[in-house]
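First residue of the sequence shown? That's 17 in the working numbering, and the numbers climb one at a time after it.
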Amino acid sequence: MLNNTSISYGTITRSLHWLMAAFFLGMFLVAYIMINIPKSDFRMSLYDLHKATGLLLFALVALRLMWRLVNVQPALPASTPLWQQRAAHWNIVFLYMLMFLMPISGFLTSSLGGHEITFYYLFTLAPLAHDEAWSEFFSDAHEIFSILLIIVFALHVLGSLHHHYIRKDNVMRKMLF
17 MLNNTSISYG TITRSLHWLM AAFFLGMFLV AYIMINIPKS DFRMSLYDLH
67 KATGLLLFAL VALRLMWRLV NVQPALPAST PLWQQRAAHW NIVFLYMLMF
117 LMPISGFLTS SLGGHEITFY YLFTLAPLAH DEAWSEFFSD AHEIFSILLI
167 IVFALHVLGS LHHHYIRKDN VMRKMLF
């Protein structure tokens, strides 16, 4: 089934979830490598890949949020304590916020730094302007958002594992294929 139901996530939601999880994990790996290697053509290629994938992720997050808004969301089990329901809700809110803020801050860092962004050699976005102070501000924000995203992502995974191994309910299975 493509759409979500009140008891299960549909194929589109599951596909977007795991595709984006893989992309974000890949982005963190690429970012770690590119900031820890000497300047070279390879490093610049990693930056180009990182920026292009950031644009792609922005589009995927927007698509995923729109899909979420028009689909029912399976409820947590009735036995889930209220504080855990609220924690799960806010975890999702912060995940979406950070998944939007990461590519936006990355785009602004690059664009205001005077750098163009090439989307997988299909098209190029010219810089918005050149303002090093704002570029540095958004670079710092991008780094802070990345740390926050890792924390919120880790809490998301821990919550899923808690449901699967401790509560032994079907919450995690709803998102698995």
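Glycine included, every Cβ here is placed at the ideal spot set by N, Cα and C.
What you are looking at is a predicted structure, and each value in this text was computed from that prediction instead of being measured.
Assignment of G26 by DSSP, reduced to helix, strand and coil, places it in the coil class. In this structure, the beta-carbon distance from N20 to Q101 does not fall below 8 Å. DSSP places L141 in the strand class (E or B) of the three-state scheme. DSSP assignment within the stretch 114-164 yields the following whole beta strand (DSSP E) runs of 3 residues or more, N-terminal first: 133-135 and 139-141.
In the three-state DSSP reduction, Q100 falls in the helix class (H, G or I). Note on T27: under 16 other CB atoms within 10 angstroms of its CB, so exposed under the neighbour-count rule. Buried is the label assigned to R80, since at least 16 other Cβ atoms lie within 10 Å of its Cβ.
DSSP, read as helix, strand or coil, puts T21 in coil. Residue environment: I51 is assigned as exposed (fewer than 16 neighbouring CB atoms within 10 Å of its CB, all protein chains considered).
With contact defined as three or more Cβ pairs closer than 8 Å, the stretch 70-85 and the stretch 33-51 are in contact.
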